[in-house]
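Undergrad: Pasting a structure here, questions to come.
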Amino acid sequence: MAEGLYLEVVTGKGSVVGVEVEEVRLPGELGELGVLPGHTPLLTALGIGRLLYTIGGQERQMVITQGFAEVLPDRVTVLARAVRLPNEVDPEVEQRIFEEATTALKTANADDFAEITRRLRTAEACLEISA
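Throughout, my numbering is defined as the position within the sequence shown, counted from one, plus 147.
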């Protein structure tokens, strides 16, 4: 079993995080995925939600907006469409976006549904990390 776990999070703009961690929790497309050192290798699609990781017993988090993760026994590499760190989140703005998206969903047509849902889930995850 691997003793450590290296987490790397990358977007099209470059590296966001590269650090040794104890645990990673990913927002998988089909639900949350927990990763500890020694995890079985896999490749998975990511949805929208919080990516959480633990360093020295302290939990840290960010919002991932879709992407992919490669999990190896000693490494997790996340390729994300976008990332939001807690210090980049304005709770008042995210609350407004959440409320607007919730209202828009009530009258959304099929063409707009996916985009409105993306905005809603992103705002919800941002509110969770800003709390």
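By construction, the Cβ of each residue, glycine as well, lies at the ideal position given by its N, Cα and C atoms.
#1: Given this structure, state the Cα-to-Cα distance separating R268 from P233, to the nearest angstrom.
#2: From I244 to P188, what does the alpha carbon distance come to, in whole angstroms?
#3: For the candidate residues E169, T264 and R266, whose alpha-carbon lies nearest to that of V223?
#4: CB-CB under 7 angstroms to D221, same chain, minus the five flanking residues each way: which ones, in chain order?
#5: Going residue by residue through the segment 216-265, where are the continuous alpha helix (DSSP H) segments of at least 4 residues, counting only ones entirely within it?
#6: Using 8 angstroms as the cut-off, can you tell me whether the segment 269-277 makes contact with the segment 227-242, which would need three or more C-beta pairs spanning the two stretches below that distance?
#7: Give the C-beta separation of F215 and L198 to the nearest angstrom, bearing in mind that I take them to be a contact with Cβ-Cβ under 8 angstroms.
#8: Of the choices E167, H186 and R228, whose alpha-carbon is the least far from that of Y200?
#9: Go ahead and label P238 buried or exposed: buried means 16 or more other beta carbons lie within 10 angstroms of its beta carbon, across all protein chains shown.
#10: Considering only C-alpha positions, which residue in the set A261, R207 and D258 is nearest to R172?
#11: Using DSSP bridges, identify the partner residues of Q205.
TA: Here's the rundown:
#1: As a position in the sequence shown, residue 268 is number 121, starting the count at 1. As a position in the sequence shown, residue 233 is number 86, starting the count at 1. One C-alpha to the other measures close to 16 angstroms.
#2: Taking the sequence shown and counting its residues from 1, the one referred to as residue 244 is at position 97. Taking the sequence shown and counting its residues from 1, the one referred to as residue 188 is at position 41. Using only the alpha carbons, I get a separation of about 37 angstroms.
#3: Indexing the sequence shown from 1 puts residue 223 at position 76. With distances taken between Cα atoms, V223 lies closest to E169.
#4: For the purposes of this step, residue 221 is taken as residue 74 along the sequence shown, with counting starting at 1. Closer than 7 angstroms at the Cβ level, and outside the excluded window around D221, lie A149, G151, L152, Y153 and P184.
#5: 238-252
#6: yes
#7: Residue mapping note: residue 215 aligns to position 68 of the sequence shown, counting from 1. Residue mapping note: residue 198 aligns to position 51 of the sequence shown, counting from 1. Their Cβ separation, rounded to whole angstroms, is 13 angstroms, which puts F215 and L198 out of contact at 8 angstroms.
#8: Indexing the sequence shown from 1 puts residue 200 at position 53. It is E167.
#9: In the sequence shown, the residue the question calls residue 238 occupies position 91. Answer is exposed; the Cβ neighbour count stays below 16.
#10: The residue given as residue 172 occupies position 25 in the sequence shown. It is R207.
#11: In the sequence shown, counting from the first residue as 1, residue 205 sits at position 58. According to DSSP, which records beta bridges pairwise, Q205 is partnered with I202.
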